[in-house]
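Protein chains in written order, with this note's numbering: chain A, 1 to 231; chain B, 232 to 453. Backbone N, C-alpha and C fix where the C-beta goes; we use that ideal spot for every residue, glycine too.
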C-alpha cells in the first residue's frame, strides 16, 4: 500500500470517507505510538516517510511524564504522571482492561534539537521548544573551561536579541519539524492499520508486550518470557 | 499560549484553498477587524481581528506590515463579551421595580408592574452595569504558514475549534480541516483499495476479551 502525506493547497476530505466514524483512530494512534516506542527502543528511521527532514535517519523518542488513558466508551479515566511511564505496570494493566491512550507526553531528539511535547487524541499539541539560541558547543563556558563564577573570570556571552520576525520564523520552523515527524509516524501507523498484518503483527506485538509486562509484575522471581517480536 | 514566546499549545488546521494575495489579506482583516463592545448596543459579544503583538490596542489599523512576516502571517482573534450574572440582574430589577411601584403609588405594589415594564427595567439595569464593568476578553493567536498552507491556532476548546476557525474561513474565503487523526487519515492520499478499507474501518480492540468478546475483529480483510 502506498500512503503518502500530501500537503496541497486545495484538497477537501474525500466524500466517500465519513470522518465522524473514524474518531476512534485518535486513541488507537496514540496507543500504537506508545507501544511502538517501547518495542522499538525509541529509535526510528523516518528517512522514507520524511526524506527532507534533517536527522530523519535517527529520531529518538522517550516517553514523557504524563499519560492519560480512558476506557473505550469514554468513561473511566486514568492519569499517570511522573518518571518511569515507559513499560509501566499501571499502563499495561489499563490497556489490558480495554483502555486506550488519550494523552501522551513525549521527548524527542530530532537532528541536534530536543523537544518535549504532549499529543492529545483529538489532535491538540503542546510543544516546549528547546533553547533556540545556543549551539551544542555552547555547553562549554565561553572562555574554554574556566569557572566563570571566580572573580575576574570572563562571563559567558549574552544571548542575541533577535528581531521579532526571526523569532517567529524560528519557532514556526521548530513546530513544523516536530509536526513533520508526527505526520511521518502517523503515516506509518495508518499504513499498518489498513493492512492485513495489523492484527497478526502490531496487535500481536502489543498483546505480547502487555502480557509479558503484567506477568513479570505478578510473579516475583520468575523472569518474563522473551518478548518475541512478530516479524 | 503564544506563537512568539513560551510553550506552544495549539490546534493545527489544514487550509483547503489558495493563499490570498497580500492586498486581499489586508482587506479581509480590515473588513472583520475587532470593534469594541458598546454598553448601549444590543449585542452581548463581538469578535474580530487584532494584531498579535498588541491585542488590546483595537484602534490600531491592521496593515500587512503588522501581520505578514515572510511566509508567515501572524494575527490574533479577540472576542469580548459581557458577563453579567442573570441572578444579579433579576435581584437589582426586583429592587428597582419595588421602588418604582412605591414612588408611583401602585395600588398592587410590585404586582402592578407589567411584564413589559419589568423587561424594560432589566434592560436598563444591564445597560447601567455594562457602563461600570469591563467585558471579558479572550484572545487567540493564529499563525498561517503559507508555505505549508496550514494554520496553528493557539488555544483550545470550542472558541478555537469553532469560532476562530469560522472567522478565519469567512475572512479569507477558504475551508479549514482540523488535523484530528480521523481527518488526517481521510486527507492522506490513498489508492482506491485502501480508501475502501478506510471507509469501512471500525474500532479494533487490542484485548477483545476485556470487552466481553472472544474474537479479534479482522476489519482489514481485502
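Original post:
Measuring CA to CA, which of B:284, B:258, B:252 is closest to residue 164 of chain A?
Top reply: B:284
Original post:
CB residue 184 of chain A to CB residue 56 of chain A, shorter than 9 Å?
Top reply: yes
**OP:** Can you tell me which of the three DSSP states residue 308 of chain B falls into?
**Re:** strand
**OP:** Quick one: using the 10 Å Cβ neighbour count with 16 as the cut-off for buried, is residue 139 of chain A buried or exposed?
**Re:** Confidence is the limiting factor: at residue 139 of chain A the pLDDT is only 47, short of 50, which leaves the residue's position unreliable and the question unanswerable from this model.
Subject >> Minimum Cβ-Cβ distance from residue 412 of chain B to chain A less than 9 Å >> reply: yes
**OP:** Take the Cβ of residue 79 of chain A as the centre, count every other Cβ of all protein chains shown within 10 Å, and call the residue buried at 16 or more, exposed below.
**Re:** exposed
**OP:** Report the option in B:253, B:417, B:240 whose CA atom is closest to the CA atom of residue 302 of chain B.
**Re:** B:253
**OP:** Grab the span of the beta strand (DSSP E) containing residue 77 of chain A for me, first residue to last.
**Re:** 77-81
**OP:** Please classify residue 178 of chain A: does DSSP put it in a helix, a strand, or coil?
**Re:** helix
Subject >> contact_flag[the segment 430-442 of chain B, the segment 277-291 of chain B] where n(CB pairs < 8 Å) is 3 or more >> reply: no
Original post:
What residues from chain A crowd round residue 241 of chain B, counting only those whose CB sits closer than 9 Å?
Top reply: 124, 125, 126, 127, 175
Original post:
residue 126 of chain A and residue 117 of chain A look like a contact to me (Cβ under 8 Å); what is the Cβ gap, rounded to whole Å?
Top reply: 6 Å
**OP:** Would you mind telling me which residues of chain B sit closer than 7 Å to residue 23 of chain A, beta carbon to beta carbon, in chain order?
**Re:** 413
**OP:** Note down, in chain order, each residue of its chain lying with its Cβ closer than 6 Å to the Cβ of residue 415 of chain B, except the 5 sequence neighbours on either side.
**Re:** none
Subject >> residue 249 of chain B - DSSP class collapsed to helix/strand/coil >> reply: coil
Subject >> Neighbourhood of residue 382 of chain B by C-beta distance below 8 Å, restricted to the same chain and skipping five residues each side >> reply: 243, 244, 246, 373, 374, 375, 376, 399, 407
Subject >> Closer than 9 Å to chain B by CB, residue 46 of chain A >> reply: no
**OP:** Closer than 8 Å, Cβ to Cβ, to anything on chain B: give me those residues from the segment 191-213 of chain A, in chain order.
**Re:** 193, 194, 195, 196, 198, 199, 203, 206, 207, 210
**OP:** From the DSSP output, in three-state form, read off residue 345 of chain B for me.
**Re:** coil
**OP:** Determine the extent of the beta strand (DSSP E) in which residue 24 of chain A is found, giving its start and end residues.
**Re:** Where residue 24 of chain A is concerned, there is no enclosing beta strand (DSSP E), given that its DSSP letter is neither H nor E.
Original post:
Roughly how many angstroms lie between the CA atoms of residue 334 of chain B and residue 388 of chain B, to the nearest whole one?
Top reply: 49 Å
Original post:
What whole-angstrom Cβ distance do residue 292 of chain A and residue 59 of chain A have, given they're in contact under 8 Å?
Top reply: Residue numbering for chain A in the displayed model covers 1 to 231; residue 292 of chain A lies beyond these limits and cannot be assessed.
**OP:** Would you kindly work out how many angstroms separate the C-alpha atoms of residue 72 of chain A and residue 51 of chain A, rounded to a whole number?
**Re:** 35 Å
Original post:
In chain order, what residues of the same chain have a beta carbon less than 8 Å from the beta carbon of residue 130 of chain A, not counting five sequence neighbours either side?
Top reply: 113, 114, 115, 174
Original post:
chain A beta carbons: is any one of them nearer than 9 Å to that of residue 438 of chain B?
Top reply: yes
Subject >> Between the CA atoms of residue 27 of chain A and residue 196 of chain A - distance to the nearest angstrom >> reply: 20 Å
**OP:** Since I believe residue 239 of chain B is in contact with residue 385 of chain B (beta carbons under 8 Å), could you give me their beta-carbon distance rounded to a whole number of angstroms?
**Re:** 7 Å
**OP:** With 9 Å as the threshold, decide whether the Cβ of residue 167 of chain A is near any Cβ in chain B.
**Re:** yes
Subject >> residue 187 of chain A at chain B interface by Cβ criterion, 9 Å >> reply: yes
Subject >> Counted within 10 angstroms of its Cβ, other Cβ atoms place residue 370 of chain B as buried (16 or more) or exposed >> reply: buried
**OP:** Would you mind sorting residue 162 of chain A into buried or exposed? The rule is 16 or more other CB atoms within 10 Å of its CB.
**Re:** exposed
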